[in-house]
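Peer 1: Below is one structure. I have some questions about it.
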Amino acid sequence: MRKPFIIANWKMHKNIEESVAFINQIKAALPQVSDEEVGIAAQAVALSSMKQTARGTNLQIIAQNAASELAGPYTGEISARSLADAGASYVMLGHLERRRLFHEDNQIINQKVRSALTTGITPIICTDDKMVQAEVNGEIHYVFDQLKGVLRDVAPAHLQKIVLSYEPSWAVGSSQTANPKVAQQGCQRIRQTVCNLYGSLLADQVRILYGGSVNPQNISAIMAQPDVDGALIGRASLRPDDFLEMVNWQQPVSNVM
């Protein structure tokens, strides 16, 4: 069974002090480790302090980006190895904002994925809804263009460690309400793409998150979809009470607070 995974993507919000205070507010009410995985993707400067504050909890500390190389003359970059040393157990790669604002393409993100895998840090690969025809084992399939490029030369054994995230381009940074059926359709298509590329066994095992306009009002309906294994949450994750309500989506609100 695929364990649910709820992630707050804070983007460039919250300094170190605010990040630590947030964790102190929520850590007593986080779900049990056996029930669900919970993570926060924060600015790199806060990761170490957050890791120390989160000790003894089910909270995963997540980096929002990593360099494509592990070391070298790359001013301003942070390697996956250094992020792991700072306390990150996961790293987001390929987010639409990285593609749009920093012109990262499939080749760059693929290099980042393969670099991260050598360090033991787990990639969370973000992909949107663009599909193309591709030949796989002599047959023509419709696959997610970004996913096919980003997973190039990634071995099946490594895919088992990777988390995938579906983010329709219209939904990133939008306040438009997320439609559970859209979330299911996108995640189902990603799972089918993985099946086409790696086979049904791995496709059934890989966790696929939905990102885009998730909030306390719609998370239960989104998580009820059979191919949705979690959520990547933006602005709605910035308030401790809202985040706790979402990570405890399986419980009545009165039992959370």
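Position 68, counted from 1, in the sequence shown is what UniProt numbering calls 68; the numbers after and before it change by one each time, with no gaps.
Ideal Cβ placement from N, Cα and C applies to all residues, glycine included.
Source: prediction; values computed, not measured.
State the start and end residues of the unbroken alpha helix (DSSP H) segment that holds Thr127.
Peer 2: Segment 122-127 is the beta strand (DSSP E) holding Thr127; no alpha helix (DSSP H) there.
Peer 1: Excluding the 5 residues preceding and the 5 following Ser49 in the sequence, name in chain order all residues of the same chain whose CB lies nearer than 8 Å to its CB.
Peer 2: Excluding five sequence positions before and after Ser49, the CB atoms of its chain that fall closer than 8 Å to its own CB belong to Ile16, Ser19, Val20, given in chain order.
Peer 1: Would you report the Cα separation of Gln250 and Ala84, rounded to the nearest angstrom?
Peer 2: 31 Å
Peer 1: Are there 16 or more other CB atoms within 10 angstroms of the CB of Gly120, so buried, or fewer, so exposed?
Peer 2: exposed
Peer 1: Measure the beta-carbon distance from Ile208 to Tyr166 and round it to whole angstroms, keeping in mind my assumption that it falls under 8 Å.
Peer 2: 6 Å
Peer 1: For a test of the three-state rule: what should DSSP assign to Asn58, helix, strand or coil?
Peer 2: coil
Peer 1: Mark Arg189 as exposed unless 16 or more other C-beta atoms lie within 10 angstroms of its C-beta, in which case mark it buried.
Peer 2: buried
Peer 1: Can Ile109 and Val91 be called in contact, C-beta distance under 8 Å?
Peer 2: no
Peer 1: Go ahead and pull the three-state DSSP assignment for Ala157.
Peer 2: helix
Peer 1: Could you have a look at Ala231 and say whether DSSP puts it in helix, strand or coil?
Peer 2: strand
Peer 1: Going by CA-CA distance only, name the one from Val33, Ala29, Leu117, Gly199 that's closest to Ala66.
Peer 2: Leu117
Peer 1: Give the single residue among Ala183, Leu164, Pro168 whose Cα lies nearest to the Cα of Gln205.
Peer 2: Answer by Cα proximity: Leu164.
Peer 1: On the criterion of 16 or more Cβ atoms from any shown chain inside 10 Å, does Ala157 qualify as buried, or is it exposed?
Peer 2: exposed
Peer 1: Is DSSP giving Gly149 helix, strand or coil here?
Peer 2: helix
Peer 1: Verify whether the separation of the beta carbon atoms of Gln25 and Ala41 is less than 8 Å.
Peer 2: Contact check for Gln25 against Ala41 fails: the beta carbons are separated by 8 Å or more.
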